[in-house]
Each structure stands twice: as structure tokens, then as C-alpha cells.
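Trainee:
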Amino acid sequence: MLPIQLQLPSDFYKEEVKNDFLVTRSRKEVWAVELDLLMQFDKVCKKNNLTYFLDGGTLLGAVRHKGFIPWDDDIDVEMFREDYDKLVSIADQEFEYPYFFQSAYSDKGYVRSHSQLRNSNTCGALSHEAHKVRFNQGIFLDIFVLDGVPDDQEKLDEQMRFLQKHSAKMWEIVCPRMNSRIKYMVKIIRRQIYIRFGILKNMYRRFEECAKTYEDSEEVALLTFYRNSEHIKRFPREWYHDTLLMSFETLMCPIPSGYREILTLYYGENYMIPQKAENCHGELIIDTKRSYKEVLKGMK
877 MLPIQLQLPS DFYKEEVKND FLVTRSRKEV WAVELDLLMQ FDKVCKKNNL TYFLDGGTLL
937 GAVRHKGFIP WDDDIDVEMF REDYDKLVSI ADQEFEYPYF FQSAYSDKGY VRSHSQLRNS
997 NTCGALSHEA HKVRFNQGIF LDIFVLDGVP DDQEKLDEQM RFLQKHSAKM WEIVCPRMNS
1057 RIKYMVKIIR RQIYIRFGIL KNMYRRFEEC AKTYEDSEEV ALLTFYRNSE HIKRFPREWY
1117 HDTLLMSFET LMCPIPSGYR EILTLYYGEN YMIPQKAENC HGELIIDTKR SYKEVLKGMK
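Heads up: the sequence shown runs through residues 877 to 1176, numbered per our numbering.
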């Protein structure tokens, strides 16, 4: 039995070929866990009057496939900073085990620039992180943040330099590189001190305060997601003024009214033509029926 509450039709799990790609039962089971996470997330957002939108490949999947892109393995959503901050502040009261809202404020050592909703009774660990980090590594739903973007390129460049430098510093603390054994042990002790005394959380707060600098701007972007200002994709706020509902597998989910323009900016004018692509996560250690603690412990 999958550790989910969402009721899906029995034929959902049947192996099938979509767009010349074999969707196996095991992939369907991963999808089921992720759809369940999306259902839980949607409930909390509706209850608290918070707005979110499907994003990236999930948005494309909704528009082009009415669900998952056959070769996709995750779900992405996005929120404006104001709604995102509200969600972070109430998440620990709203999500109950096995659902865990993961942010830098709820999980020690977690310093991603966005949050994730995890199913703690599953495993969805990135292989290169599996034994290097100590946070929840259940199957996840990605929750990205739309921040305001300055019109002035120099200001944006300066902002991005701070964000990337700060992010790199936090990751070096959480997941230090192996040098000599003595230096590595010193870094591990530093990590424990930074976490125990809240230094890491304070560093993360400064990171987010920088991201919020231009919240009144006319354009927004997933500012903290990008590595440098050259790769940032800007979206006029007006593309998000209205919300439409579109089916995503068995759920009805919100998408921005300017979805056509957004998808064109992401994928080009021919976004409706399927083109197989690799996911951006790299290799995942997946188990839909055992917790990440059990799976990773057995791999040591």
C-alpha cells in the first residue's frame, strides 16, 4: 500500500505508452505520491486563502498532457513571496505526519532557496546528497518563490552576486567538501555549531531579505532559483493577475492566465510539441513504500 490519502482509479497504475515513452507502474506510483502531496498542498492553500500556480514542466504537462509529462518525475508549483511567507509561518500547524513542510526554518541543515513538501514515509533522495545531508529526504513537491526583479541591470547583478555568494557559503557549511580528514572534522564541528546556535537560520534570513528587495517591481522571477542574472526569466505581474483552473491528472489546479506567454518564454513557440528531456535533479533514490531513513540506512 502506498502511504497516501488520495483515492485514484485502479487503472491509473497500469503500465502504458505515452508519446512513445513507456510509463511503468513504478513511475505511476511515484506520480501517485506526488499527486497526493499536491492535493494536501492545495487543501492548505485554499483553507488559508493563499494563491499558487503550477510551474515549469508541471504547467506544461497540464496544458499539453492534462497531467504529467510522461518522462517527468516531479511536481513544481510557485507562489508570490507574500503568500509564500504566510505559508512558511503556518505550515507546522497545517501539515500533519507523514506530510512535512520543509524549509530552512523547519528542518535543520536545509538551505535550499525554496521549500518542499515531503512524504516522510517515502524516499526521494538525490543520490549525490543521500549520505551527506541530514534533512528529510522523502518524495517531494517543489515550492518556488516569485520575487520582484529590479529594472536596473546593475542592481540585479549586485543582488544576484550576494544571493549566490550567500547560498554557496551556506551549502559549504551544510555539506562541506572533503579535504584533509582534520579539516573536514573541523567543518563538521562548525556545521553543528551553526545549526545548534541558530547561526545558519540567521544567514538564511539575510539571504531571503536580499531576495525581497524589489517586491514592488512590475516584473517577477524565480530569483533565488537561478545561478546568475543572465539566466533569469522575467515575467510581467499582469500574466499572473487572473487564475485559471486546469486538470492535472485527477486534480483541478490553478495556472496563471498568461500561461501561453510563460510557456513560450520557458520552452519556445513550439511548446505543444513533445520533446523528451532529462530531469534537472540527476539520479534519484526512489522508494514509494519505505521511508528515506530505512532506505538510506540500508545503503550505508
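All residues carry an ideal CB built from backbone N, CA and C; glycine is no exception.
(1) Ser902 lies in the alpha helix (DSSP H); which residues open and close that run?
(2) Under 9 Å, do Leu911 and Thr1126 count as touching if we go by C-beta distance?
(3) Report, in whole angstroms, the separation of the C-beta atoms of Asn997 and Ser1167, which I expect to be a contact under 8 Å.
(4) Could you tell me the alpha carbon to alpha carbon distance between Arg1053 and His1007, rounded to whole angstroms?
(5) Would Val906 and Ile880 qualify as a contact pair, given that the criterion is a beta-carbon distance under 9 Å?
(6) Would you grab the beta carbon distance between Val953 and Tyr928 for me? Rounded to a whole angstrom, and I think it's under 8 Å.
(7) For Ile1071, which residues from the same chain have a beta carbon less than 7 Å from its beta carbon, with the 5 sequence-adjacent residues on both sides left out?
(8) Kindly identify the DSSP beta-bridge partner or partners of Val1021.
(9) Have a look at Tyr1143, His1117 and Asp1163 and flag the residue whose alpha-carbon is nearest the alpha-carbon of Asn1133.
(10) So for Glu1095, helix, strand or coil by DSSP?
(11) Which same chain residues, not among the five before or five after Tyr960, have their C-beta less than 6 Å away from its C-beta?
(12) Pick helix, strand or coil for Ile1049, following the three-state DSSP scheme.
(13) Secondary structure at Arg940, three-state DSSP: helix, strand or coil?
(14) Determine the burial state of His1042: buried for a count of at least 16 other Cβ atoms within 10 Å of its Cβ, exposed for fewer.
(15) So, helix, strand or coil for Glu892, using DSSP?
(16) Shortest alpha-carbon distance to Phe976 belongs to which of Ser1056, Leu914, Gln1040 and Asp887?
(17) Quick check: the Cα distance between His941 and Gln883, rounded to an integer number of angstroms?
(18) Can you check which of these residues, Ala1153, Asn924, Gln978 and Met1175, is closest to Ile945 by C-alpha distance?
(19) Buried or exposed for Ser1105, please, with buried defined as at least 16 other CB atoms from any protein chain shown within 10 angstroms of its CB.
(20) Measure the alpha-carbon distance for Tyr1102 versus Gln1040 and round it to whole angstroms.
(21) Is DSSP giving Tyr975 helix, strand or coil here?
(22) Between which two residues does the beta strand (DSSP E) harbouring Met1148 extend?
(23) Mind reading off the beta-carbon distance from Val987 to Met1036? Whole number of angstroms is fine, and I expect it under 8 Å.
(24) Please list, in chain order, all residues of the same chain as Asp1033 whose beta carbon is under 7 Å from its beta carbon, the five residues on each side excluded.
(25) DSSP beta-bridge partners for Gly1000?
(26) Going by the DSSP bridge assignment, what does Leu1120 pair with across the sheet?
(27) From the DSSP output, which residues share a beta bridge with Gln992?
Mentor: If we stick to the structure as given:
(1) Arg901 to Lys923
(2) yes
(3) 5 Å
(4) 13 Å
(5) no
(6) 5 Å
(7) Lys984 and Gly985
(8) Met955
(9) Sequence inspection shows Ser at residue 1133; the Asn mentioned does not correspond to that position. Nearest C-alpha to Ser1133: His1117.
(10) strand
(11) Val1021
(12) helix
(13) helix
(14) buried
(15) strand
(16) Leu914
(17) 21 Å
(18) Ala1153
(19) buried
(20) 9 Å
(21) strand
(22) First-last for Met1148: undefined, no H or E at that position.
(23) The Cβ separation is near 17 Å, so there is no contact.
(24) Ser1105
(25) Ile1162
(26) Ile1131
(27) Gln978 and Asp1018
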